[in-house]
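Residue numbers are given in our numbering: position 61 of the sequence shown equals residue 213, and the series is strictly consecutive.
Glycine is no exception: its CB is placed at the ideal position from the N, C-alpha and C atoms.
Since the structure comes first, as structure tokens, the remarks are kept for the end.
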Amino acid sequence: MGATRPAREVARRRSLRALLAGLVLLAQVALGAASPAAACGCGGFVDPLGDGHDANVLEETAVLSLRDGMETIVMGLSLDAERVGSTLLMPTPTVPEVTAGSSGTLREMAAATAPRERIEYDIWGSLGFGAGGGLGGAGSGPPGKATVHSQEQIGNYEVAVLGGDADGVRTWLEENGYALAEDLSTLIDPYAEDGWTFTAIRYAEDAVLSGDVEPLRFDFATDELVYPMRFSQAAETAQRVHLYVLAEDPVGVERGTNAALRIDRPWIGSPTGLGWHWSDETLREMAGETAEPGTSSEEHPYYWTVTELEISGAPDSFTEDLVFAEEPYTATVIPTYTTTRTVTLAHIPVGWYLVFAGVITIAAIVVSVLSLRSAARARRRAAA
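Rendered as structure tokens:
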């Protein structure tokens, strides 16, 4: 009996060491399991004040489409409200119809192309280890004299559509209070030689100025989807333009790009194919939808793709206008953001139930093994 007590004491100590080793092993396993946090379920601005400063254009955003030989541009600009003399000179290949646009068009386009949510399911919660989450000319007037196609007030703007040779356009602008900087004035010549038209836009005297002005819509005949950019060469700072092109297929820049320009396409895809329904009438029209929101006409049975383009570069990079062409085999690009959702039971992340269950299971196994060993030793001693 004297030898039995030390043997039992040794057995108990061995049991405790084995239990501690099992718990340490379990903690290491739990830490390793916690490491994978989740299971995945332009125009050009001129200054009639003549003070040698450029208008402060905060950002230029536009939505474009080309359907049946008619291009539509809905162009919005965030201007410095303090620059009451800011004036836009917008060249187009043919005489445009200029009408008031709605900022809702640009806002809905931005919402429709916003990143989509991607959900990850997390079983550890905040207590876990690593959990988280085209181009027909408009014709020219008599040499040295501008042709005024239209002149009217549209909302907060005074809008004049001019044709003719470069000298005639420059003379008209100067006589009507539009003092062009020399660098910009010389850029009128190549457009005029190509027979383009110029739309001069400035705030009306009774305009209510704000940081977010309503856009203007331009509709004009063309064989190519084009966005004028050569006036940007007269700028003094880097230029950035943000465009959304609606077309049957993705589009890329066919002409007007060079190694000095940065062109990103953060969105390429059909919002309607992802369940979006255009509510803005202009966007429904540009996307070929002529009936109720979310439906298409027989002529345009498929929802059109939106290609978002962010184009930036130094002023001297914009040596040509941007001309776009469809690229049918371009891959879809839909940006996403991740939302992590913790799976809980009684407000406790289920991962910790697994840890507790594992601890109990290992402890039970260790105790069972030690009990069996003790019983075996006892039988051997009894047999001896």
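Per the coordinates, the alpha-carbon of residue 314 lies some 50 Å from the alpha-carbon of residue 270. Residue 498 counts as exposed, since fewer than 16 other beta carbons sit within 10 angstroms of its beta carbon. Contact between the region 246-253 and the region 390-406 is not established, with fewer than three Cβ pairs separated by less than 8 Å. Out of 383, 355, 424, the CA that lies nearest to the CA of residue 408 is found in 383.
Judged by DSSP secondary structure, residue 382 falls outside any alpha helix (DSSP H); it is assigned neither H nor E. For residue 464, the enclosing beta strand (DSSP E) has its first and last residue at 457-465. Beta-carbon to beta-carbon, residue 267 and residue 487 are separated by about 4 Å, close enough to satisfy the 8 Å threshold. For the 8 Å CB-CB criterion, residue 275 and residue 510 do not form a contact. Within the DSSP bridge table, the entry for residue 310 names 305, 354 as partners. Going by DSSP, residue 323 is part of the alpha helix (DSSP H) stretching over 318-327. Within the region 246-285, the runs of beta strand (DSSP E) at least 3 residues long that lie entirely inside it are, in chain order, 249-252, 268-274. Beta-bridge partners of residue 499 (DSSP): none assigned. The beta carbon of residue 366 is closer than 8 Å to those of 228, 252, 253, 254, 255, 307, 308 in its chain, skipping five residues each way along the sequence.
In this structure, the straight-line span from the alpha carbon of residue 262 to that of residue 513 is close to 54 Å. For residue 418, the enclosing beta strand (DSSP E) begins and ends at 414-421. Where residue 336 is concerned, the enclosing alpha helix (DSSP H) starts and stops at 334-338.
In this structure, the alpha-carbon of residue 411 lies about 23 Å from that of residue 483.
Listed as beta-bridge partners of residue 404 by DSSP are 477.
For residue 398, the enclosing beta strand (DSSP E) starts and ends at 391-399.
Proximity to residue 415 across 394, 422, 426 peaks at 394, based on C-alpha coordinates. Counting along the chain, residue 488 sits inside the beta strand (DSSP E) bounded by residues 488-494.
In the displayed model, residue 431 falls within coil according to three-state DSSP, outside both helix and strand. Taking the Cα positions, residue 319 is about 9 Å away from residue 344. Sixteen is the threshold: since fewer than 16 other Cβ atoms of the shown chains lie within 10 Å of the Cβ of residue 523, the residue is exposed.
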